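With my numbering applied, the sequence shown corresponds to residues 1086 to 1358, in that order. Note that CB positions come from ideal geometry on N, CA and C, so glycine has one too. Owing to the predicted nature of the structure, the values given are computational and were not obtained by experimental measurement.
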Amino acid sequence: MKKIALSMCCLMFSAAVFAEKSDIVASNNQFGVHFLSTNVDYTETGNGIFGTRTGVIDTETGPVPGFGVSVSAMRGPGNDYFHVEAALANGHTAYTGALIAGGAYGSVVGTSSATLTDLSGRFGKGYARGFQSMLTPFFEFGRHQWDRGVNYGETYTHYYYGIGVLGQYAPASRVVLSASALLGRTTGSYITVNSGPGLNGFAGALGDSMLSRVGVAADYAFAPQVHGTVALDYTSFKYGMSAVYSVGGGFVSWEPDSQTHYTTFRVGLGVGF
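Below, the structure is given as structure tokens:
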């Protein structure tokens, strides 16, 4: 009887372990849709070139709502992993700055339209750690675009690439908690400034920078093929000053240095496969 009881306990323990590991794999095999809100925290700073202001020139802050879709998969005995995502957010931010003709920072306060478009792909390989966790190193690349409504419109774009790690833990059946970190670099940073009455636009390269992102998430399986998710990510990067462009009439223009921080909250539903 003792041997039978011991065998039964071992079988039950093995089944529990299998369920926990399969919960993590299941959370990585789904098609998802989510609603999001990205809080923009953007600051331009001047360096005094041509006698212009130094320090903060203008800022844009505030939440921009949107939605996204994603597909992730973890397959095979080696836990090969990929994740692709597309997101679009559209709304308004609070603008604080000054007139182009001059004035101190804060002399102009208003709102600015904002559209954020993001595409990304992630590839990696999962490694089980014990009975309830997994570490997945990955390589990620993507593209970001910000259509900014100041003046007659400005568009910022960049690509990025980097390496990161995804850590996942299953504390209970159907529940998977995740944390991730990415360290990368922007490339191909570019700005287009639209022309309008009294303002000649220009387009050109911006300086690239290091990019970092950290995030946490939770996945709950309401049913074997139905998942609910919540996630929070924080991203930081910079744009370096552009070249100086002649815009006619003896005037020149350029894009100053800037720092961008995004805090994105997501909530969504997924369908497992």
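Status (buried if at least 16 other CB within 10 Å, exposed otherwise) for residue i
| i | result |
| --- | --- |
| Leu-1201 | buried |
| Ser-1099 | Unreliable positioning characterises Ser-1099 in this predicted model, as indicated by a pLDDT of 40, which lies under 50. The coordinate reading is nonetheless provided below. When all chains shown are included, Ser-1099 counts as exposed. |
| Leu-1317 | exposed |
| Phe-1322 | buried |
| Gly-1195 | exposed |
| Thr-1345 | buried |
| Ser-1343 | buried |
| Ala-1111 | buried |
| Val-1311 | exposed |
| Lys-1088 | Here the model assigns Lys-1088 a pLDDT of 45, short of 50, so the residue's position is not dependable and the matter cannot be decided. |
| Gly-1161 | exposed |
| Val-1278 | buried |
| Leu-1251 | buried |
Beta-carbon proximity of residue i to residue j, cut-off 8 Å
| i | j | result |
| --- | --- | --- |
| Ala-1172 | Leu-1121 | yes |
| Pro-1309 | Gly-1357 | yes |
| Ala-1266 | Gly-1249 | yes |
| Tyr-1319 | Arg-1298 | yes |
| Trp-1339 | Ser-1327 | yes |
| Ala-1183 | Asp-1143 | yes |
| Val-1261 | Asp-1232 | no |
| Val-1149 | Gly-1187 | no |
| Asp-1293 | Thr-1271 | yes |
Option nearest residue i by Cα separation, candidates the options
| i | options | result |
| --- | --- | --- |
| Ala-1174 | Phe-1358, Gly-1355, Thr-1348 | Thr-1348 |
| Gly-1281 | Met-1295, Lys-1323, Gly-1238 | Gly-1238 |
| Tyr-1190 | Tyr-1319, Gly-1140, Leu-1251, Ala-1255 | Gly-1140 |
| Thr-1146 | Gly-1211, Phe-1208, Thr-1181 | Thr-1181 |
| Gly-1355 | Ser-1218, Asp-1293, Ala-1306 | Ala-1306 |
| Phe-1336 | Gly-1283, Phe-1350, Val-1299, Tyr-1254 | Gly-1283 |
| Thr-1214 | Gln-1253, Phe-1167, Ser-1343, Thr-1144 | The sequence shown places Arg at residue 1214, rather than the Thr named in the question. Per the Cα distances, Gln-1253. |
| Phe-1167 | Ser-1218, Asp-1108, Asn-1114 | Asn-1114 |
| Ala-1288 | Ser-1274, Ser-1294, Gly-1131 | Ser-1274 |
| Phe-1116 | Asp-1126, Val-1149, Ser-1155 | Ser-1155 |
| Phe-1135 | Val-1329, Ala-1257, Ser-1157 | Val-1329 |
| Tyr-1246 | Leu-1204, Val-1315, Ala-1183, Val-1193 | Leu-1204 |
| Ala-1257 | Leu-1251, Ser-1294, Phe-1216 | Phe-1216 |
| Ser-1107 | Asn-1236, Asp-1293, Arg-1259 | Arg-1259 |
| Gly-1153 | Val-1118, Gly-1300, Thr-1178 | Val-1118 |
Whole-number beta carbon distance between residue j and residue i, since they are thought to touch under 8 Å
| i | j | result |
| --- | --- | --- |
| Leu-1296 | Ile-1276 | Not a contact, Cβ separation roughly 17 Å. |
| Gly-1234 | Ser-1198 | 3 Å |
| Phe-1224 | Gly-1209 | 7 Å |
| Ile-1109 | Ala-1255 | 5 Å |
| Pro-1341 | Glu-1129 | 5 Å |
| Tyr-1361 | Tyr-1324 | Residue 1361 is absent from the model: the chain starts at 1086 and stops at 1358. |
| Gly-1131 | Thr-1123 | Actually they do not touch by this definition, with Cβ atoms about 26 Å apart. |
| Gly-1206 | Asn-1285 | Between Asn-1285 and Gly-1206 the Cβ distance is about 38 Å, and since that is not below 8 Å, they are no contact. |
| Asn-1164 | Gly-1211 | 3 Å |
Cβ of residue i within 8 Å of any chain B Cβ
| i | result |
| --- | --- |
| Arg-1228 | Considering every chain present, this structure includes no chain B. It has just one protein chain. |
Proximity test, residue i beta-carbon vs the ligand NAD heavy atom, cut-off 7 Å
| i | result |
| --- | --- |
| Phe-1216 | The ligand NAD is not among the ligands present in this structure, which contains no ligands whatsoever. |
Give, in chain order, every unbroken run of the beta strand (DSSP E) that is at least 3 residues long and sits entirely within the stretch 1288-1337.
-> 1295-1308, 1311-1324, 1330-1333
In chain order, each beta strand (DSSP E) run of at least 3 residues that lies wholly inside the stretch 1247-1280 = Within the stretch 1247-1280, the complete beta strand (DSSP E) segments of 3 residues or longer fall at 1260-1278, listed in chain order.
Kindly provide the ranges of any beta strand (DSSP E) runs that are 3 or more residues long and lie completely inside the stretch 1136-1201, ordered along the chain.
-> DSSP runs (the beta strand (DSSP E)) wholly in the stretch 1136-1201: 1139-1160, 1165-1182.
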